[in-house]
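Right, one structure below, let's go through it.
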Amino acid sequence: VLAMAGLLDTIGTQASELQDRLHTAERKYKEQEKRLARKRDMVRHKQEDVDTYRSMMDRRKKEFEAKHAANVKTLQALRETDRDKAKKRRETAVMVQEMKNRVEDLRVTYSDICKSRAG
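Residue numbers (the working numbering): 4 to 122.
Below you can see the structure in the form of structure tokens.
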């Protein structure tokens, strides 16, 4: 009977130790789960920050591309305007030269008429 009582006591002690180890393991597991949950939250927040930054950069890129396209169109329009103005200046210069030539021709003709009357 004493041997049986000693065996039961040993089994009880081992069961108690196993119970303590189980509680310790459960506590460590819960702590680890909490740490993992915090890390997951941190990663999720960082991913949200990355997504926010990426969308902001995409928006800035689109704005830049739109401004660039508008600037290119404006520059093309200015070049066309400059081309048109240069063409008109050349045409005007040709007309002025033609008028000068006609005036000179008329002067010569008038001078010839005056000489023939005088002569």
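The beta carbon of each residue, even a glycine, is placed where N, CA and C say it ideally should be.
If you're wondering where the values come from, they're calculated on a predicted model, not measured in any experiment.
If you look at residue 97, you'll find it in the alpha helix (DSSP H) that goes 5-121.
Looking at the backbone, the Cα of residue 32 and that of residue 12 are separated by about 30 Å.
Distance between residue 105 and residue 80, taken at the CA atoms: about 37 Å.
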